[in-house]
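Mapping of the sequence shown onto my numbering: residues 12 to 268, in sequence order.
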Amino acid sequence: MKKLLILMMTVIAAVAMLAAGCGGGDKKESAKVFRVGTEPTFAPFEFQEEGSKEYAGFDMDLARAIGKQMGYEKVEIVNMGFDALVPALNAGNVDMVAAGMSITEERQKSVNFSDPYYTSGLIIMVNKDNDTIKSLKDLEGKRIAAQIGTTGDNKARSVANAVVTSFNTNTEAAMELTNKGVDAVINDSPVVGYYLAQGGNKTAKTVGDVMEAEKYGLAMKKGNDQLTADVNKALAELKKNGEYDKLYQKWFGEVSK
Ligand code: ARG
Numbered sequence: 012m013k014k015l016l017i018l019m020m021t022v023i024a025a026v027a028m029l030a031a032g033c034g035g036g037d038k039k040e041s042a043k044v045f046r047v048g049t050e051p052t053f054a055p056f057e058f059q060e061e062g063s064k065e066y067a068g069f070d071m072d073l074a075r076a077i078g079k080q081m082g083y084e085k086v087e088i089v090n091m092g093f094d095a096l097v098p099a100l101n102a103g104n105v106d107m108v109a110a111g112m113s114i115t116e117e118r119q120k121s122v123n124f125s126d127p128y129y130t131s132g133l134i135i136m137v138n139k140d141n142d143t144i145k146s147l148k149d150l151e152g153k154r155i156a157a158q159i160g161t162t163g164d165n166k167a168r169s170v171a172n173a174v175v176t177s178f179n180t181n182t183e184a185a186m187e188l189t190n191k192g193v194d195a196v197i198n199d200s201p202v203v204g205y206y207l208a209q210g211g212n213k214t215a216k217t218v219g220d221v222m223e224a225e226k227y228g229l230a231m232k233k234g235n236d237q238l239t240a241d242v243n244k245a246l247a248e249l250k251k252n253g254e255y256d257k258l259y260q261k262w263f264g265e266v267s268k
């Protein structure tokens, strides 16, 4: 009886040790998680399909491919406000930002950017029945919506006498236009194009040309040159092995330029 008891205790102790060991293993594994910050109201670059918690889009696929290429076991997407992305990088809460973020001189002061991976530009969206706004000049004194902290927001704020409302999400900015709370939205052209194609064209349209080119870059913490070099290397490898082209084709339906 005593022997049995000792045996049972030994088994329990062994199981407990094993469980603790597993816990340690988990911790080790979490070091192999690559954390990527984004703001997911920016289809087709990052968005959540209705009723889904999954992150879809070109940037999301690209970030996952880059993480894998660099040898990470898991890529975890972290959802936050667009204006919170750079602070999150520099606080060490995420390793990289993949958010259709345009490489600007201003941002280069506070983050490291990868090589550019997509060429974009801003465009104006108005309601279909609007016949008076045809250019940025026509927005003077008008009400404009944009997403907070974006280049579209900056552009809107450069328009003389315009009343600019900065929204946390692009969804809200577009809704405000539909509700006629604003006269125009300024946002990235491929995102506006996608929105219109998904049914937005029932009430809205673009006017004028795409403004000056903006190049998207993946962002890393300022001074994290090793990670930046690794990301650039992974990006170059994905371009070389056809994976980048495959993703480009998947999301834009055309061959990358
Ligand atoms: N390209 C613009 C910028 O850098 C807009 C990016 C918005 N991205 C997003 N995921 N909401 O400011």
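Heads up, the beta-carbon is just placed ideally off N, CA and C, and yes, glycines get one too.
Residue i and residue j: beta carbons closer than 8 Å?
{"i": "Glu2", "j": "Ala110", "result": "Lying outside 12 to 268, the shown extent of the chain, residue 2 is not represented and no answer is given."}
{"i": "Thr3", "j": "Val193", "result": "A query on residue 3 cannot be resolved here, the shown segment of the chain reaching from 12 to 268 and no further."}
{"i": "Val44", "j": "Lys85", "result": "yes"}
{"i": "Val158", "j": "Ala184", "result": "Note that residue 158 corresponds to Gln in the displayed sequence, not to Val. Result yes, Cβ atoms of Gln158 and Ala184 sit closer than 8 Å."}
{"i": "Glu50", "j": "Gly92", "result": "yes"}
{"i": "Ile144", "j": "Gly228", "result": "no"}
{"i": "Asn101", "j": "Lys232", "result": "yes"}
{"i": "Lys139", "j": "Ala215", "result": "yes"}
{"i": "Trp262", "j": "Phe69", "result": "yes"}
{"i": "Ile197", "j": "Lys226", "result": "no"}
{"i": "Met136", "j": "Leu188", "result": "yes"}
{"i": "Gly219", "j": "Ser169", "result": "no"}
{"i": "Thr130", "j": "Ala67", "result": "no"}
So residue i and residue j are in contact, right, with Cβ under 8 Å, and what is the actual spacing, rounded?
{"i": "Asp106", "j": "Val47", "result": "7 Å"}
{"i": "Ala230", "j": "Met112", "result": "6 Å"}
{"i": "Leu246", "j": "Tyr128", "result": "6 Å"}
So, at 8 Å on beta carbons, what are the nonlocal neighbours of residue i in its own chain, with the 5 sequence-adjacent residues on each side left out?
{"i": "Gly35", "result": "Note that Gly35 has pLDDT 42, beneath the 50 cutoff, so the model's placement of it is unreliable and the number below is only indicative. Excluding positions up to five away in sequence, the list is empty."}
{"i": "Asp37", "result": "Confidence at Asp37 is low in this model, with a pLDDT of 45, below 50, so the placement of that residue should be treated as unreliable; the coordinate-derived value is given next. Taken in chain order, the list of residues that qualify is empty."}
{"i": "Glu65", "result": "Gln59"}
{"i": "Val97", "result": "Val108, Arg118, Ser121, Val122 and Ala230"}
{"i": "Lys191", "result": "Asn138"}
Leaving aside the five residues before and after residue i along the sequence, list all residues of the same chain whose C-beta is less than 6 Å from its C-beta, in chain order.
{"i": "Gly32", "result": "Summary for Gly32: the model assigns pLDDT 48, below 50, so the residue's position carries little reliability; its value from the coordinates is reported in the next sentence. Nothing meets the Cβ criterion."}
{"i": "Lys39", "result": "Since pLDDT at Lys39 reaches only 46, below the 50 mark, its modelled position is unreliable, and no value is offered."}
{"i": "Val221", "result": "Gly132, Ile134 and Ser200"}
{"i": "Gly163", "result": "Leu133, Ala157, Ile197 and Asn198"}
{"i": "Tyr83", "result": "Lys43 and Phe45"}
Using a Cβ-Cβ cutoff of less than 7 Å, which residues in the same chain neighbour residue i once the five nearest sequence positions on both sides are dropped?
{"i": "Glu254", "result": "Ala76"}
{"i": "Lys250", "result": "none"}
{"i": "Ala99", "result": "Gly48, Met91 and Val105"}
{"i": "Tyr205", "result": "Ala54 and Pro55"}
### Minimum length 4: unbroken alpha helix (DSSP H) runs contained in the region 125–201
162–168 and 181–189
### Query
Can you give, in chain order, each stretch of the alpha helix (DSSP H) that sits fully within the region 44–73 and has at least 4 residues?
none
### Task
Count the CB pairs spanning the region 232–245 and the region 123–134 that are closer than 8 Å, and state whether there are at least three.
yes
### Task
Scan the region 207–267 and note each continuous alpha helix (DSSP H) run of 4 residues or more that stays entirely inside, going in chain order.
236–251 and 254–263
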